[in-house]
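Residue numbering for the sequence shown follows this note's numbering, starting at 2 and increasing by one per position.
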Amino acid sequence: MKPLASKPVATFAEELRLWKQGYRLIAGVDEVGRGPLAGPVVAGAVILDPQANLPFYPLLRDSKALTSNQRNRLDEGIRKSAMAAATGSASAQEIDELGIVRATKEAMSRAVAALSRKPDHLLIDALPLPEAGAPFRAIVKGDALCRSIAAASIIAKVERDGLMEEMEGRYPGYGFARHKGYPTPEHLAQLARLGPCTIHRRSFGPVQRMVEPEHNSTMPLEQARGLSAEEAAATYLRRNGYQVLARNYRCPWGEVDIVAQDGKGSLAFVEVKARRSVRMGSPVEAVTRRKQQRLAMAAQDYLQRQGLEGREWRIDVVAVDLGAGGGVRSLRHILNAVEETLL
């Protein structure tokens, strides 16, 4: 493996400066995957010994400047020889809930916490990270300048690429193994054809435009009511101990408004019904037999794609009573709602 002479060469200058100040466990931290439309953001944390003379040290650089084979070989060397190395991630759902910056910091904090040795100083690519609870320095373009950060970027990239290659099998048709979730022409074309899947980031523009209409004055009233009801249902579930795993899960068989996990680990596939009057009938009656069947098929598709076939699951209905102005007047959560009317 030959160094790429045209690219900046990372050094141990920062680590050695900190060694002179008495620090010994200096972790480089970097992330991969802030820009894709799908998949997690993954962070790496690596503690190297700057006084060792390991043969792969001169090859360390920003992971984007390396080929896949070079990254894989360096990943093996880093994990074998580093004083400590670990990765952490934040899911697409966390990115949607927290925003990409907070989710990235969460992934970085998880990577640092997963290290087998607690670092006494951090060198981070660009982002400050006081959340990690250690002294730090954020370095712009740190992955191109600092070997510890470069090593972190490499193990994060290899980890994330592997995860996206696995997603190719779970979500066929999108081409995740090739583009890794980035907005390539192929990905955008398949996204338009198939619609978003569970690991798409619904807060990112190209995906968001396919999931929900623009929030403006021209939005049809019923669509606006539906969005308000779904948001109210998701908030209710979180406050009652559920973890929201997916919103608007789509597959060829149907769509589920919310996929959530309760405190006992059971999965709830939730149909949200916005209601304006009791004259509309019961929430369960509003879910037709055909809709029930499509919900069940979509639930089974989700379970299969996520490898959760053995998990307990049910179909719930959350009925949200909306006032004339769109505010929530009341909310009713009906467990096992579809069982009551038989699929």
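All C-beta atoms in this analysis are idealised placements derived from N, C-alpha and C, irrespective of residue type, glycine included.
Note that the structure is a prediction, hence the values are computed from the model and not measured.
> Rounded to whole angstroms, how far is the Cβ of glycine 89 from the Cβ of methionine 109, which I believe are closer than 8 Å?
Replying inline: Locating residue 89 in the sequence shown gives position 88, where the first residue counts as 1. Locating residue 109 in the sequence shown gives position 108, where the first residue counts as 1. That pair is a contact at about 7 Å.
> With 16 as the cutoff for other CB atoms within 10 Å, does valine 102 come out buried or exposed?
Replying inline: Here the question's residue 102 lines up with position 101 in the sequence shown. It counts as exposed.
> Taking just the CA atoms, how far does arginine 330 sit from serine 229?
Replying inline: The residue you call residue 229 lines up with position 228 of the sequence shown. The residue you call residue 330 lines up with position 329 of the sequence shown. So the alpha carbons of these two residues sit roughly 12 Å apart.
>> Am I right that tyrosine 183 and proline 37 are in contact with their C-beta atoms under 8 Å? What's the rounded C-beta distance?
In response: For the purposes of this step, residue 183 is taken as the residue at position 182 of the sequence shown. For the purposes of this step, residue 37 is taken as the residue at position 36 of the sequence shown. About 5 Å; that satisfies the 8 Å criterion.
> Grouping DSSP H, G and I as helix and E and B as strand, with all else coil, what is aspartate 50?
Replying inline: Numbered from 1 along the sequence shown, position 49 holds the residue referred to as residue 50. For aspartate 50, the secondary structure class from DSSP, reduced to helix, strand or coil, is coil.
> In three-state terms, what does DSSP make of arginine 315?
Replying inline: Along the sequence shown, one-based indexing puts residue 315 at 314. Strand at arginine 315.
>> Which of the three DSSP states is assigned to glutamine 244 in this structure?
In response: Reading the sequence shown from its first residue, position 243 is the one you call residue 244. It is a strand residue.
> If we ignore side chains and look at the alpha-carbon of each, how far apart do methionine 220 and methionine 211 end up?
Replying inline: Stepping through the sequence shown from its first residue, residue 220 is reached at position 219. Stepping through the sequence shown from its first residue, residue 211 is reached at position 210. Residue confidence is low: methionine 220 scores 43 on pLDDT, short of 50, so the model does not pin down where it sits. Its coordinate-derived value is still stated next. Taking the straight line from one Cα to the other gives about 14 Å.
> Mapping DSSP to helix, strand and coil, what is lysine 142?
Replying inline: The residue labelled residue 142 in the question sits at position 141 within the sequence shown. Lysine 142 falls in the coil class under three-state DSSP.
> Got a sec? Which residues, its chain only, sit under 8 Å from leucine 336 by beta carbon, not counting five neighbours each side?
Replying inline: On the sequence shown, position 335 is the one that residue 336 refers to. Once the five neighbours on either side are set aside, the close Cβ partners of leucine 336 are Ala269, Arg315, Asp317.
> Which of helix, strand or coil does DSSP assign to phenylalanine 13?
Replying inline: Mapped onto the sequence shown, residue 13 falls at position 12. Looking at phenylalanine 13 - three-state DSSP - the assignment turns out to be coil, as it is neither helix nor strand.
>> Less than 9 Å between the C-beta atoms of aspartate 31 and alanine 157, yes or no?
In response: Here residue 31 is taken as the residue at index 30 of the sequence shown, counted from 1. Here residue 157 is taken as the residue at index 156 of the sequence shown, counted from 1. Their beta carbons are under 9 Å apart, which means aspartate 31 touches alanine 157 by this criterion.
> In terms of residues, what are the limits of the beta strand (DSSP E) holding serine 90?
Replying inline: To locate residue 90, count along the sequence shown from 1; it is residue 89. Serine 90 -> beta strand (DSSP E) spans 85-91.
>> Distance check for aspartate 121 and glycine 143, CA to CA, integer angstroms please.
In response: In the sequence shown, the residue the question calls residue 143 occupies position 142. In the sequence shown, the residue the question calls residue 121 occupies position 120. Spanning the two alpha carbons is a distance of roughly 18 Å.
>> Could you tell me the alpha carbon to alpha carbon distance between valine 271 and isoleucine 259, rounded to whole angstroms?
In response: Here the question's residue 271 lines up with position 270 in the sequence shown. Here the question's residue 259 lines up with position 258 in the sequence shown. Spanning the two alpha carbons is a distance of roughly 5 Å.
> Using the rule of at least 16 other Cβ atoms within 10 Å of the residue's Cβ for burial, across every protein chain shown, is glutamine 293 buried or exposed?
Replying inline: Here residue 293 corresponds to residue number 292 of the sequence shown, with the count starting at 1. Buried is the call here.
>> In the DSSP output, what is glycine 255 paired with across the bridge?
In response: For the purposes of this step, residue 255 is taken as residue 254 along the sequence shown, with counting starting at 1. In DSSP, glycine 255 forms a bridge with Cys252.
> Between Ala112, Leu67, Cys147, Pro136, which lies nearest to aspartate 126 when the distance is taken from Cα to Cα?
Replying inline: Here residue 126 refers to the residue found at position 125 when the sequence shown is read from its first residue. The candidate whose alpha carbon is nearest that of aspartate 126 is Cys147.
> What separation, rounded to the nearest whole angstrom, lies between the Cα atoms of alanine 39 and histidine 180?
Replying inline: Position 38 of the sequence shown holds residue 39. Position 179 of the sequence shown holds residue 180. Spanning the two alpha carbons is a distance of roughly 10 Å.
>> For a test of the three-state rule: what should DSSP assign to alanine 153, helix, strand or coil?
In response: Reading the sequence shown from its first residue, position 152 is the one you call residue 153. Helix at alanine 153.
> According to the neighbour-count rule (16 or more other Cβ atoms, all chains shown, within 10 Å of its Cβ), is alanine 190 buried or exposed?
Replying inline: Residue 190 sits at position 189 when you count from the first residue of the sequence shown. Under the 10 Å beta carbon count, alanine 190 is surrounded by fewer than 16 other beta carbons and is classified as exposed.
> Can you give the beta carbon distance from histidine 257 to alanine 299, rounded, assuming they're within the 8 Å contact cut?
Replying inline: Here residue 257 refers to the residue found at position 256 when the sequence shown is read from its first residue. Here residue 299 refers to the residue found at position 298 when the sequence shown is read from its first residue. Rather than histidine, the amino acid found at residue 257 in this sequence is valine. Between alanine 299 and valine 257 the Cβ distance is about 5 Å, and since that is below 8 Å, they are a contact.
> Does the distance from the C-beta atom of phenylalanine 57 to that of glycine 29 stay below 9 Å?
Replying inline: Position 56 of the sequence shown, counting from 1, holds the residue named residue 57. Position 28 of the sequence shown, counting from 1, holds the residue named residue 29. Between phenylalanine 57 and glycine 29, the CB-CB gap reaches or exceeds 9 Å.
> Considering only residues of the same chain and omitting the five flanking positions on each side of valine 159, which have a CB-CB separation below 7 Å?
Replying inline: As a working note, residue 159 is residue 158 in the sequence shown. Closer than 7 Å at Cβ, skipping near neighbours: Arg72, Asn73, Asp76.
> Taking Cβ positions, are glutamate 16 and leucine 128 nearer each other than 9 Å?
Replying inline: Counting from 1 along the sequence shown, the entry for residue 16 is found at position 15. Counting from 1 along the sequence shown, the entry for residue 128 is found at position 127. No. Outside cutoff.
>> Can you find the residues in the same chain that come closer than 6 Å, C-beta to C-beta, to cysteine 252, ignoring five residues on each side of it along the sequence?
In response: On the sequence shown, residue 252 is found 251 positions in, with the first residue counted as 1. Same-chain partners within the cutoff: Ala299, Asp302.
>> Let me make sure I understand the geometry here. Which of Arg203, Met84, Asp263 has the alpha-carbon closest to that of glutamate 95?
In response: The residue given as residue 95 occupies position 94 in the sequence shown. When each option's Cα is compared against that of glutamate 95, the closest is Arg203.
>> Quick check: the Cα distance between valine 288 and serine 92, rounded to an integer number of angstroms?
In response: Counted from its first residue, the sequence shown places residue 288 at position 287. Counted from its first residue, the sequence shown places residue 92 at position 91. The alpha-carbon atoms of valine 288 and serine 92 are separated by roughly 31 Å.
> From which residue to which residue does the alpha helix (DSSP H) around lysine 81 run?
Replying inline: Looking up residue 81 in the sequence shown gives position 80. Segment 69-82, the alpha helix (DSSP H) holding lysine 81.
>> Taking the straight line between their C-alpha atoms, what separation do you get for tyrosine 250 and alanine 53?
In response: The count along the sequence shown starts at 1 and reaches residue 250 at position 249. The count along the sequence shown starts at 1 and reaches residue 53 at position 52. Their Cα atoms are separated by approximately 50 Å.
>> Quick check: what's the CA-CA separation for valine 339 versus glutamate 313?
In response: Counting from 1 along the sequence shown, the entry for residue 339 is found at position 338. Counting from 1 along the sequence shown, the entry for residue 313 is found at position 312. When the Cα atoms are used, valine 339 and glutamate 313 turn out to be separated by approximately 15 Å.
>> At the level of alpha carbons, what is the spacing between alanine 153 and valine 245?
In response: Along the sequence shown, read from residue 1 onward, the residue named residue 153 stands at position 152. Along the sequence shown, read from residue 1 onward, the residue named residue 245 stands at position 244. Going from the Cα of alanine 153 to the Cα of valine 245 covers about 30 Å.
> Cα separation between glutamate 132 and lysine 21?
Replying inline: Position 131 of the sequence shown holds residue 132. Position 20 of the sequence shown holds residue 21. Whole-angstrom Cα-Cα distance: 25 Å.
> How many Å lie between proline 136 and glutamine 209 at the Cα?
Replying inline: Residue 136 sits at position 135 when you count from the first residue of the sequence shown. Residue 209 sits at position 208 when you count from the first residue of the sequence shown. Rounded to whole angstroms, proline 136 to glutamine 209 spans 38 Å at the Cα level.
> On the three-state DSSP scale, how would you describe isoleucine 101?
Replying inline: Numbered from 1 along the sequence shown, position 100 holds the residue referred to as residue 101. In the three-state reduction of the DSSP assignment, isoleucine 101 falls in the helix class, which pools H, G and I.
> Going by DSSP, which residues form a beta bridge with histidine 334?
Replying inline: Within the sequence shown, the letter at position 333 stands for residue 334. Answer is Val319.
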